[in-house]
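Residue numbers (this note's numbering): 244 to 755.
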Amino acid sequence: MSTIENQGLMRHSDKTVLSIDNKYLSEANLDTFIDILGRTITNTLRFRIETDCVRSAEVGALVSDKNTTQSLSEDGMSLEELIQLYERSILPACINFGSPKFMGFPDTGTQLGGILGAILADLLQQNLINGQICSPSATQVELTVLQWFRSLVGYEVFPLASVWDVGAIVTHGGTLSNTIAMMLARENHFPGSMQLGLRKMKPAYLVVPRGIGHYSVKSAQMWLGCGSHLLEVPTQNYRYDLDSLKETILAHAQDVMAVVAYAGDSRTMTIDNLCGVRDVVRSIRNNIWLHADACHGHLLGASKKHESMIDGISSFDSISIDPHKSIDIPYTASALLVRDPSTLKKISTYSDLIMQQDFSIGQMTPMIGSKSWMSLKIWFAMQNLGRKGMGELVETRIDNARLFADLIRDHPDFSLLNKPDYHSVIFVYRPEKIKCDQRLVNEVNSAIYREMVKEGQWYLHSFTLPADDLRQGLVRPLRYMSGNIRVNETKLIEILDYIDQLGARCLGDLVL
Ligand SMILES: Cc1ncc(COP(=O)(O)O)c(C=O)c1O
């Protein structure tokens, strides 16, 4: 078989051969490369449709042996050699979020349009920093996708005379989207701080629901030089307790920089009472920055049946969304949407290295320079699913979460800790004989989690949560997240049996 390497050599037989020349895409190696690409992609996609979460619970030889660091090849390896190494040592220990036994997170990365768009974006090498010279059609695709998301959450969509009319930016993840939202909140609270710096040292409080928020907003407050001034408000059923929210804000009214509400918090996926939160905040001070973290919940806007759950979100000043979580596209893709597009000008970037053209997105994206074409996979996925398909996805997730919650309720060895709003079911293994011993309940659930990860067949997630119904400290629950539509009723019954048996074993070990 001819290899890319010797094709390169033949081409340069009459001049000095550059040893790396044949390792770059060219006419001479195109066919061989297509063959290699096809075979590798096929093997990888076969892995993605396997049943267990990992092929080998052992971490790959490449990284597992702490005593041997893989040395960097001196002369370079051929693609065939690299693929063998990848298939032997790297792929088998990759975790497969798309397996029907993977129930930890919704981001499976299995939406076909999304996969195609992700591959094409990598092949096309467009840079979303500048429109005309780096990404002429990509910029248009990106702005289009952002407008679709605006309409999903009920924000007004404006005609585009320039990038400044779109009122949204694509970022690399929810953490960055939330951080940029906090930057807007800071600028709103300390006008001019972008230019003048933070000269007034009065506090800039950030209000969040206690125990369920994502770390990104708290960290952003510190990353942005505002210090750690967090006001954590008690919740009821994982939603802001509105009386406590009011009391908290009133106690610090002039110093509150932002209030963050979740349309799908990271742990329970509860959708907060967004109208209620808005009304409380606005009744106290009209210019407190209101941010909705809808990294998960924005997709509810695609379902006629469930869209009312995010009523009120369009009156928030900013909304973060994570399509890599919501529509199963390959990592990563997020966006920050702002109600009033002109606010983005307050945190704009000026440099003559970024074109000051109407359609240079880089002017609008703080903390991001070169940017890959993340929006192409979103575009492919949204067009592939259509609004109806996205609605169906939401409805299937909610149906599956409710089904699993019913299975938990009916099972004597488990306790349900939330009434699922969207796609998260929180529960603990708690058989009758240990019901009142919360320390043991936590220990056994932690042990179940550790053993499950070690065995590598199934995956449920685990974390700490304020013990709403147990009324004592923190719980260490397990969580089924019904994002993965390959998970069906049979698998839900099977995992409960598996956890029940594992729980009995772990409990036996603990009380021995
Ligand atoms: C509610 C919420 N917000 C923000 C984030 C951060 O998103 P990312 O991991 O894309 O940075 C997460 C991640 O799980 C999340 O659940």
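C-beta atoms are modelled at their ideal positions from N, C-alpha and C, and glycine is treated no differently.
Since we're looking at a predicted model, the values are computed, not measured.
Assign residue i to buried or exposed, taking buried as 16 or more other Cβ atoms, counted over all protein chains shown, within 10 Å of its Cβ.
i: Cys-469; result: buried
i: Gln-599; result: exposed
i: Val-581; result: buried
i: Asp-664; result: buried
i: Arg-521; result: buried
i: Ser-262; result: exposed
i: Met-633; result: buried
i: Met-610; result: exposed
i: Ser-594; result: exposed
i: Leu-315; result: exposed
i: Ser-380; result: exposed
i: Lys-678; result: exposed
i: Ile-531; result: buried
i: Met-444; result: exposed
i: Arg-393; result: buried
i: Gly-416; result: buried
i: Arg-525; result: exposed
i: Pro-434; result: exposed
i: Arg-722; result: buried
i: Ile-691; result: buried
i: Asp-712; result: With a pLDDT of 47 at Asp-712, under the threshold of 50, the modelled position of that residue is not reliable, and the figure given next carries that caveat. Exposed, since its Cβ has fewer than 16 Cβ neighbours within 10 Å.
i: Ile-621; result: buried
i: Asn-731; result: exposed
i: Thr-285; result: exposed
Just the C-alpha distance for residue i and residue j, rounded to the nearest angstrom, thanks.
i: Ser-471; j: Lys-676; result: 43 angstroms
i: Leu-735; j: Asn-727; result: 12 angstroms
i: Met-625; j: Ser-551; result: 21 angstroms
i: Ile-762; j: Phe-623; result: Given a span of 244 to 755 for the chain in the structure shown, any question on residue 762 remains unanswerable.
i: Thr-387; j: Gln-368; result: 19 angstroms
i: Pro-477; j: Ser-618; result: 37 angstroms
i: Ile-651; j: Asn-688; result: 15 angstroms
i: Ser-321; j: His-541; result: 45 angstroms
i: Gln-606; j: Gln-681; result: 53 angstroms
i: Lys-344; j: Thr-592; result: 45 angstroms
i: Leu-717; j: Ser-725; result: 24 angstroms
i: Tyr-448; j: Gln-497; result: 9 angstroms
i: Met-426; j: Leu-467; result: 7 angstroms
i: Ser-546; j: Trp-391; result: 14 angstroms
i: Ser-269; j: Ile-338; result: 34 angstroms
i: Leu-395; j: Ala-747; result: 46 angstroms
i: Ala-644; j: His-539; result: 15 angstroms
i: Cys-749; j: Thr-733; result: 24 angstroms
i: Phe-340; j: Leu-288; result: 12 angstroms
i: Ser-378; j: Phe-602; result: 10 angstroms
i: Ile-277; j: Arg-693; result: 42 angstroms
i: His-432; j: Pro-446; result: 10 angstroms
i: Gly-440; j: Asn-265; result: 51 angstroms
i: Glu-399; j: Cys-296; result: 42 angstroms
i: Leu-473; j: Glu-323; result: 53 angstroms
Our contact map puts residue i next to residue j with C-beta atoms below 8 angstroms; I'd like the distance itself, whole angstroms only.
i: Pro-349; j: Lys-568; result: 6 angstroms
i: Ile-562; j: Ile-570; result: The Cβ separation is near 16 angstroms, so there is no contact.
i: His-495; j: Ala-428; result: In fact, because the Cβ distance is near 15 angstroms, the residues do not count as touching under 8 angstroms.
i: Pro-720; j: Ile-669; result: 5 angstroms
i: Ala-504; j: Tyr-483; result: 7 angstroms
i: Ser-558; j: Ser-420; result: Not quite, the Cβ-Cβ distance comes to about 19 angstroms (not below 8 angstroms), so this is no contact.
i: Ile-738; j: Gly-374; result: That belief does not hold up - the Cβ atoms of Ile-738 and Gly-374 are roughly 48 angstroms apart, past 8 angstroms.
i: Asp-653; j: Pro-674; result: About 14 angstroms; that fails the 8 angstroms criterion.
i: Leu-615; j: Ala-364; result: The displayed chain sequence assigns Ser, not Leu, to residue 615. About 6 angstroms separates the two Cβ atoms, so the contact holds.
i: Ala-424; j: Leu-389; result: So it is not a contact: roughly 15 angstroms between Cβ atoms.
i: Tyr-672; j: Ile-564; result: Their Cβ separation, rounded to whole angstroms, is 34 angstroms, which puts Tyr-672 and Ile-564 out of contact at 8 angstroms.
So, are the CB atoms of residue i and residue j less than 8 angstroms apart?
i: Ala-506; j: Leu-517; result: yes
i: Gly-357; j: Gly-544; result: no
i: Gly-751; j: Ile-372; result: no
i: Pro-584; j: Ala-361; result: no
i: Arg-510; j: Phe-290; result: no
i: Met-695; j: Leu-753; result: no
i: Glu-475; j: Val-451; result: yes
i: Ile-527; j: Leu-493; result: yes
i: Ile-326; j: Thr-283; result: yes
i: Thr-294; j: Ser-342; result: yes
i: His-704; j: Gly-347; result: yes
i: Asp-515; j: His-457; result: no
i: Ala-463; j: Thr-491; result: no
i: Val-413; j: Glu-430; result: no
Measuring only between beta-carbons, confirm whether residue i sits less than 8 angstroms from chain C.
i: Val-696; result: In summary, chain C is missing from the structure at hand, where a single protein chain is found.
- Message: Does the region 404–419 come into contact with the region 576–593, if we say contact requires no fewer than three beta-carbon pairs (one atom in each stretch) closer than 8 angstroms?
- Response: Touching, per the Cβ criterion.
- Query: Would you call the region 697–704 and the region 643–650 in contact, with 3 or more CB pairs under 8 angstroms?
  - Reply: no
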